[in-house]
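K.L.:
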Amino acid sequence: MSGSILRLDDVHTDIGQYRVLHGVTLDVPEGGVYVLLGRNGAGKTTTLRTIMGLWRARAGAIVFRHRDITALHTADIARLGIAYVPENMGIFGGLTVEENMRLASATSRFDRTRLGRIQDLFPAIRQFWDKPAWSLSGGQKQMLAISRAIIEPRDLILIDEPTKGLAPSIIRAMIEAFREIARDTTILLVEQNFLFASSLGQGVSVIDDGRIVHDGDMAALAADEALQTRLLSLSMAAHQ
Amino acid sequence: MTAPSIETRDLTIRFGGHAAVNGVSCAFRPGELTVIVGPNGAGKTTWFNLVSGQLTPTEGRILKDGVDITRLSPSARAKAGIGRAFQLTNLFPRLSVLENVRLAVQARHGIGPRAFRPARAYRDIAALARAHLETTRLAALADLPAAALPHGDQRKLEVALLLAMEPDVFMFDEPTAGMSVDEAPVILDLIAGIKKDGRKTILLVEHKMDVVRALADRIVVLHNGELVADGAPDRVMALPIVREIYLGLPPEDEAA
Amino acid sequence: MTDTAAERDLPSTAACARPTAGGVALFSVIAVIGLLLLFAPFVFSDVRSTQVAARICVFVVLAASYDLLIGYTGIVSFAHTMFFGMGAYGAAMGLKFGGADWGHLLLGSVGGVLAAAVLAVLIGLLSLRVKALFFAMVTLAAGSVMMVLASQLTSLTGGEDGLVYSTPRLFKPAMKLVTNADGEAARLFGVPLDGRLALYYFVFIVCLVVFVLLARIVRSPLGTVLEAIRENELRAEAIGYRVVAYRTAVFVIAAVAAAVAGVVWAVWLRYTGPDTTLSFDIMIDILLMVVIGGMGTMYGAIIGVVVMSLAQSYLKDLMSAAAGATSGVPILPHLLDPDRWPLWLGLLFILLVLFFPAGIAGTLMKKGSRS
Amino acid sequence: MRLSDKIAPSFERIGGVYALPVILMIVALPLVGSLSSWVTLTVAGLAMGMMIFLMASGLSLVFGLMNVLNFGHSAFISFGAFIAASVLTGLSAWVGAHSLGFNLLALFAAIGAASLFGLVAGIVFEYLIIRPVAGDHLRQILITMGALIVSEELVRAIWGDNPITVARPAALNGIFVIGGASIEIYRVFAFCLGLAVFVGLYLVLNRTRIGLLIRAGVENREMVEALGFRIERLFVGVFMLGSALAAMGGAMWAGYQGTITGSLGSEMLILITIVVIIGGLGSIEGSLLGALLVGLLGNYVAFLFPKLSLASNMLLMMAVLLWRPWGLKPAVKS
């Protein structure tokens, strides 16, 4: 671990008249998977969207690699090397899989070896290469969304609940893929599914009611059932 | 055995070449609570949309109490007794909580020839609406605009609308999605209460296995738009094919 | 979450249910306007003012019925003057080609109003099932074709010149409602009880009745359904309301109200032409009145009409004065020419939409609700 | 649908809705009777259609990309026409010269000036009128309607209330005769220009990275930004392009009509509205289809039943709406 790649310092975000984040402070170390856990409505998605500049922080600062990105435009934040996989995956259904991937590559040309690796990771990307993206299944769309995020080398990938609504079999495949991806990039993973999160993450923060209520080591949290119950009053049996 | 209240025969819908629901035939009887499960993209919500009329099938038929309703509009199906709560909260945001429910009561009971009287004058309808708010524990919020409610209460209001429609067939699409642990039981108790009545048919799309175990009389498993299993919970969950696709034991072609 | 975020900033009709200080002020103003209109012939002795009062009555109906569409149901139509014109031309043709009696006035009026209703059903069923934008475009096209037809079918409509006709005897200025000892029209508070007075009260009462009916509709359960359709069309359908049928119905109701206003206007003016009924300028006036008053507030229509009617005469005078004063400056006098009145109207309109989307009534009703 | 089930496959085989203008042309031939009149009418209809396409394409494109219905669009047509007329008057020496080069130069100067105006005014318009009401259709309809009124009054304030005569370059003024059918050169020129613009637009949308971005932006603006693109700049560009095309169409129309009045904008608004409804909102293919149908039908009907010509567009629109409520070729949105 080589210090922090992303730091949120007392970030407050409002959506319309609703105050959603009340001071989120977060320190994501470089490398590996860092998990932001919390039940639905706790402010996880809002945190990611605020980092991406899709919603504006009312107060506080977001620092990426020593650079304050709080007021930057979404597109400029993306160009600093941050990829975002939203909860709804953000697939362009009317475009082909190839066109979806092409948009995400900086020059419209593909790095062949990189693409090959992605296609090995997610065979569906190769299989449906020239098909319109709307014809993919939910799981396949999720894979396309992740492929799109890693077609260029990125420093940080923000992923919002990739397991939502997916069958356990697909989730298991995804764990493998994420381990592979995390070798050369940092992943900030937002999750509600503790089993999935605990099998991937090294560091973890728990958010509730728009505030971080716990920071620490994933292994410690996984071992401490009382802490889990206190922090995450959610149905852990969801995907058993 | 009672006659089925809702039935689909060879129900199919294709988007382009892709069959989202493919030849699904099944029937549901009053007093029965069926949970529909399946991995994401299995066609659960699409099947719901076909039954409640938001989508029109490419092939196949839908019958309500033996009458073909395949070509009816969503509003006509609502009038025929099919009620649906939506997965994503789907309310009238700028109308008050009470008005939201009153609309559903009014749709059910009609306003007859009195259309020109002020809405306040319909005490019977307002009283019914308030009763539904009591049941869903929203009465204190009756005058707030629906948009101002927290997420959990919006989900409850969604269910209150469904109750107010007084349907024969209740369709819930992940009713507790996004609710906190202390809120969800209110909804689950309500569903259990409807079931106790014994005359209603209840269809439930749900992911949470604890909910499935607690409520289901029967489980229908959809996979890739097709019905792959149907039966009593214990039996269905023990079927190899279900373990395979739903629990993902052999890692065969996941993506397809 | 994201979808409703924008809606949350909008004023809530539910929140407006309790009276606010602004609301009280608003209703006092409306009460004063109502009284002034009721006693207009006695308060304003000159013909010109009575003319303004009658115009206000007619346009209140037009604006209120238009608000039923745009404000309550969220339907944008540019065909409102078309229906207004159909009522007017119906009455005009009845009186012109049939004769200046009640029977032919009724025949023509009913014909015009029915034609408007039928056309509204057709347009509604044809295009209300698709997007709001689309409907706006279809009505724009329909309205303009109707205007072309009116100016082309010269034998029926008098073309650009329009139709001039007489009204039933009751409304003729020479008619004496009550005669005094000298055989002249008796006077009440100095106002002769003649046909003119009868005509004004004909206009006032018909408009009042239509307005009250419209106001009752928005307060009835039907009104809530219309708002529900505006808020969330799919859900309204899902709980059992046939959205297309309701939309079509409200479009027909608005069309009939506009056509009735047209009948009244035709009788009052004793003249019907494209410029008095069908023109796009009138459509813009109606739009402006509703936006000024506040969309989705039936009483806002009254405020909007009054403000517009006063501004229209006042601003034109101001403009010609300003044009004279700036005659030395290059383009400015051209912009200030009284004929360029729509330019400033358009600017006002843009500014209102930008900064006061809730209009006068909407803004007032919110005032004091926070404190 | 049930009735047409049998015809549908063969209709799709001959090209589907794209065959409609051709079918219309074929049907019109026996009705018109004389081949030479038919050729003249057809050329006129195609030319008119292409000019209308120029004007309508921007309206449709802007809607498709930004979901903005800009009733103020026809203001650009009106300004384009009047600016072109002024330029042609200013360059009367070139316009009148017996040299094709100078003639064309004058015409291109006029079209260029109009288009340039469209580009520049497009930015201003987008910033002042469109941007503040983004995402709110009701206010969009209202505010753009207001903008149309204002701009039309500005045209009247600048160029006066009386009609203006447009000088048409001498070389394009002529007629050539093929087999008894007389064809105006200007119409051929208008057709070719419109066709070139259509082909260009089509290629940009389907073959370039910008086109890919535009198509992606139509679907999900936010995601395009999260991939690192400043989409509002792209959209401003598209708006400017649409406005410039409208001004270009207006300039061509001025030359075609010979006389223009201050109400040109609102007159054309009705026409392009009908075209966009017939074609289906959001697709340039649809705009082209709609424009050609309106142009052809307008000319045939004006010849066959002069009294009906004004209503023909409306009848066409009603017929199309009954058949396909979303128009012939609407943009596909996910």
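For the record, the sequence lines run as chains L, P, C and X.
Counting in numbering that gives the first Met the number 0, the first sequence runs from 0 upward without gaps.
Counting in numbering that gives the first Met the number 0, the second sequence runs from 0 upward without gaps.
Counting in numbering that gives the first Met the number 0, the third sequence runs from 0 upward without gaps.
Counting in numbering that gives the first Met the number 0, the fourth sequence runs from 0 upward without gaps.
The C-beta atom is built at its ideal place from N, Cα and C for all residues, glycine as well.
Since this is a predicted model, take the numbers as computed values, not measurements.
#1: Kindly list the residues whose CB is nearer than 6 Å to the CB of Gly110 (chain C), restricted to its own chain and excluding five residues on each side of it in sequence; keep chain order.
#2: Per DSSP, what kind of secondary structure is Val220 (chain P) in: helix, strand or coil?
#3: Please return the same chain residues whose Cβ sits closer than 6 Å to the Cβ of Pro112 (chain P), not counting the five positions on each side in sequence.
#4: Going by alpha carbons, who is nearest to Asp216 (chain L) out of L:Gly209, L:Pro152, L:Gly202?
#5: Check whether the Cβ of Ser204 (chain L) lies closer than 8 Å to any Cβ atom in chain P.
#6: Which whole-angstrom value is the C-beta distance of Val137 (chain C) and Ile122 (chain C), which I expect to be below 8 Å?
#7: Skipping 5 residues on each side, what residues in its chain have a beta carbon closer than 8 Å to that of Gly2 (chain L)?
#8: By how many angstroms is the C-alpha of Arg8 (chain P) removed from the C-alpha of Met297 (chain C)?
#9: Whose C-beta lies closer than 7 Å to the C-beta of Leu36 (chain C) among residues of the same chain, with five residues either side of it excluded?
#10: Per DSSP, what kind of secondary structure is Glu183 (chain C) in: helix, strand or coil?
#11: Consider the Cβ of Ala215 (chain X): report whether some Cβ of chain L lies at a distance smaller than 8 Å.
#12: Which residues of the segment 152-169 of chain X have a Cβ closer than 9 Å to any Cβ of chain C? Give them in chain order.
#13: Quick one, which residues of the segment 227-248 of chain X are near chain B if we go by CB-CB under 8 Å, in chain order?
#14: Is Ile150 (chain L) near Ala103 (chain L), with beta carbons less than 8 Å apart?
#15: Using the beta-carbon count (16 or more within 10 Å), is Val31 (chain C) buried or exposed?
#16: Which class does Phe171 (chain P) belong to by DSSP, given the choice of helix, strand or coil?
#17: Tell me whether Asn219 (chain X) sits in a helix, a strand or coil according to DSSP, three-state version.
#18: Taking the DSSP output, what are the residues bridged to Gly257 (chain X)?
#19: I think Leu71 (chain L) touches Gly59 (chain L), with their Cβ atoms under 8 Å apart; what is that distance to the nearest whole Å?
#20: Just to confirm, are Ser74 (chain P) and Glu230 (chain C) a CB contact at a threshold of 8 Å?
#21: According to DSSP, simplified to helix, strand and coil, what is Leu226 (chain P)?
#22: For Leu277 (chain C), which residues of its own chain have a beta-carbon under 6 Å away from its beta-carbon, when the five flanking residues on both sides are left out?
#23: Does Ala55 (chain X) have its Cβ less than 8 Å from a Cβ in chain C?
#24: According to DSSP, is Pro112 (chain P) helix, strand or coil?
#25: If contact means a Cβ-Cβ distance below 7 Å, which residues of the segment 64-85 of chain P contact chain C?
#26: Considering only residues of the same chain and omitting the five flanking positions on each side of Arg212 (chain P), which have a CB-CB separation below 8 Å?
#27: Can you name, in chain order, every residue of its own chain whose Cβ lies under 7 Å from the Cβ of Ala103 (chain P), other than the five neighbours on each side?
#28: Along the chain, which unbroken stretches of the alpha helix (DSSP H) at least 4 residues long are found entirely within the segment 179-206 of chain P?
#29: Given that Ser146 (chain L) touches chain P, what residues does it touch there, using C-beta distances under 7 Å?
#30: Taking only three categories from DSSP, how would you classify Arg47 (chain C)?
#31: For Gly272 (chain C) versus Gly161 (chain C), is the C-beta spacing smaller than 8 Å?
#32: So Ser4 (chain P) and Lys43 (chain P) are in contact, right, with Cβ under 8 Å, and what is the actual spacing, rounded?
#33: When we look at the beta-carbon of Cys191 (chain X) and count the other beta-carbons within 10 Å, is it buried (16 or more) or exposed?
#34: Comparing C-alpha positions only, which one of L:Thr106, L:Ser134, L:Gln141 sits nearest to Leu120 (chain L)?
P.N.:
Walking through what the data contain:
#1: For Gly110 (chain C), where only same-chain residues beyond five positions count, the Cβ hits under 6 Å are Gly89.
#2: strand
#3: No answer about Pro112 (chain P) holds up, because its pLDDT of 48 lies below 50 and its placement is not dependable.
#4: The candidate whose alpha carbon is nearest that of Asp216 (chain L) is L:Gly202.
#5: By this cut-off, Ser204 (chain L) is not an interface position.
#6: The pair is a contact, with the Cβ atoms about 7 Å apart (cut-off 8 Å).
#7: Pro28, Glu29
#8: 50 Å
#9: Ala52, Ile55, Cys56, Phe203.
#10: Under the three-state reduction of DSSP output, Glu183 (chain C) falls in the coil class, being neither helix nor strand.
#11: Against chain L, the CB of Ala215 (chain X) has a partner CB under 8 Å away; the residue lies at that interface.
#12: Of all residues in the segment 152-169 of chain X, Glu152, Leu153, Arg155, Ala156, Ile157, Gly159, Asp160 have a Cβ within less than 9 Å of some Cβ in chain C.
#13: The question asks about chain B, but that chain is absent: this structure's protein chains are L, P, C and X.
#14: yes
#15: exposed
#16: strand
#17: coil
#18: The partner list for Gly257 (chain X) (beta bridge, DSSP) is empty, contrary to what the question assumes.
#19: In this structure Leu71 (chain L) does not touch Gly59 (chain L) by the C-beta definition: roughly 14 Å separates them, more than the 8 Å allowed.
#20: no
#21: strand
#22: Excluding five sequence positions before and after Leu277 (chain C), the CB atoms of its chain that fall closer than 6 Å to its own CB belong to Thr80, Gly84, Met146, Ala149, given in chain order.
#23: no
#24: Note that Pro112 (chain P) scores a pLDDT of 48, beneath 50, so its modelled location is shaky; the value from the coordinates is reported in the next line. Helix, per DSSP.
#25: Ser72, Pro73, Ser74, Ala77, Lys78, Arg83
#26: Pro232
#27: Leu160, Ala163, Met164
#28: 183-196
#29: Within chain P, no residue comes near Ser146 (chain L); the closest Cβ sits about 12 Å away, beyond 7 Å.
#30: helix
#31: yes
#32: Contact doesn't hold; Cβ gap of about 19 Å is too wide.
#33: exposed
#34: Ranking L:Thr106, L:Ser134, L:Gln141 by Cα distance to Leu120 (chain L) puts L:Gln141 first.
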